[in-house]
Each structure stands twice: as C-alpha cells, then as structure tokens.
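In the working numbering, the protein residues as written are 150 to 358. Here a beta-carbon is modelled for each residue, glycine too, at the ideal position from N, C-alpha and C. Written below as structure tokens is the structure these notes are about.
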Amino acid sequence: MKTDTQLPSDGPAVHLVDDEAAVRAALEFLLASHGLPVHSYASGTALLERLNAGPALAGCILLDVRMEPLSGLQVYDELVARGVHTPVIFLTGHGDIRMAVAALKKGAFDFVEKPFGDAALVERVRDAMAFDAEQQQRLRDGDSRGALLAALTPREQEVMHRVAAGKLNKVIADEMKVSMRTVEVYRARVYAKLGVRSSAELATLLARI
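Now the structure itself:
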C-alpha cells in the first residue's frame with residue numbers, strides 16, 4: 150500500500166482519504182488483506198494534489214465525510230467540478246447520513262455508515278471497482294467506435310446513415326443521385342470498416358455510439 154507521500158500508479162486501486170492515521174491504518178490492513186491495492190491520503194487536499202500531479206484515478210475513492218481542512222463533501226464537490234468519474238463511497242457517522250444522501254443525489258456511488266461491518270465495506274468497494282472497470286471499458290469502446298466512424302469518408306457516412314435508417318439501395322441511390330452500383334460499393338466499405346454484416350447491426354452500433 151502507498152501513502153500520499155508517494156505518487157501512485159494509474160492502476161485500479163482503492164483511494165482511501167481519512168485524516169485519522171489510526172483509521173487509515175486499520176482500513177489499509179482490511180482492504181489489503183482482501184487483495185485490494187490501497188493508496189491512502191491524510192486529507193482531501195492531498196487527494197486533489199495527487200490528481201494535479203498524476204494520471205486519472207482508477208478503481209474507487211473511499212472518502213470520510215468529516216475531515217479537515219476540507220470536508221469529504223467539499224472534496225466530492227471539487228471532484229465533480231473537475232469531471233472526475235471515479236466511484237466515490239462515503240464513510241459516514243450517524244449524524245452525517247443526510248449529507249451522504251445529498252451526495253448520492255449528486256452522483257456518489259454509495260455511503261457506508263460507521264461502525265461498519267468489514268465484509269459489507271469490502272463488498273461495496275469491490276462493487277464500486279467493478280463499476281469503474283465497466284465504465285472505463287465503455288469509454289474505451291466509445292473511443293474505438295468513434296475512431297472507426299472518423300475513418301469513413303463523407304460519402305460513406307451519408308450512405309451509412311441511410312442504410313442504418315433501413316433505406317433500400319435504390320432509394321439511397323435516388324436520394325444521393327448516384328448509381329445503385331455506387332451505393333453497393335459504399336455500403337460494402339462501410340460494413341467492412343465498421344465490422345458489421347447487416348443494416349440491423351449497423352443501426353445497433355450507431356445507437357451505442
């Protein structure tokens with residue numbers, strides 16, 4: 150496990166933020182004993198400095214609500230403002246539940262109330278990390294598909310949208326004022342470049358993008 154004095158790698162990990170050293174040590178031990186990589190930070194400021202200095206955070210953020218000089222909610226608001234999408238789980242005391250619920254409405258992943266069961270906390274952390282992995286994969290898929298679309302010529306894109314709409318080659322040829330043979334060639338190129346085999350697959354791909 151790493152502390153905030155070291156710059157962690159960009160691999161998936163639990164980014165633990167708590168200003169109490171004893172709590173950090175206990176949580177580090179718990180999470181590490183379940184095979185979860187942990188990077189710990191003694192304050193929200195340290196986490197934000199880490200964001201300034203290194204790659205985007207992957208995995209999840211375990212964030213205590215009551216901290217100094219920045220509270221967990223203030224840190225979360227800053228993460229939202231920066232467009233950080235890493236799932237955040239709040240650690241809350243009984244009196245903090247209303248604040249945690251407000252954070253959920255802003256998009257936080259979950260909150261765990263103190264005192265919490267070890268198994269329950271580990272399960273929610275695993276859920277958050279799995280969610281982040283799926284989220285990252287969707288982003289990579291979107292980038293890949295976007296690159297495929299960018300590889301199409303303007304005329305191929307015209308044909309693509311008409312094919313995806315279910316139009317026949319003859320109709321497309323009339324609309325574009327080209328021969329049916331030309332439409333067939335464009336259609337074949339679109340299918341080959343995007344790796345689809347039918348207008349239905351093409352429509353599904355475009356809907357995902």
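For alanine 202, the enclosing alpha helix (DSSP H) starts and ends at 193-202. Shown here, glutamate 272 sits in a helix according to DSSP, grouped into three states. Ranked by Cα distance from alanine 277, the options Lys263, Asp259, Ala268, Arg336 are led by Asp259. Take the alpha-carbon of lysine 326 and the one of alanine 296: they are about 28 Å apart. Straight-line measurement puts the Cα of glutamine 284 at about 42 Å from the Cα of aspartate 323. Rounded to the nearest whole angstrom, the CA to CA distance from phenylalanine 178 to histidine 310 is 54 Å. Scanning its chain for C-beta atoms nearer than 8 Å, with the 5 sequence neighbours on each side dropped, one finds around alanine 300 the residues Lys342, in chain order.
Distance between alanine 171 and serine 189, taken at the CA atoms: about 12 Å. Here leucine 270 really is in contact with valine 261; their C-beta atoms are around 5 Å apart, less than 8 Å.
Secondary structure note for aspartate 213: its beta strand (DSSP E) is the uninterrupted segment 208-213. Of Ala191, Ala230, Pro186, the smallest CA-CA separation from cysteine 209 is found for Pro186.
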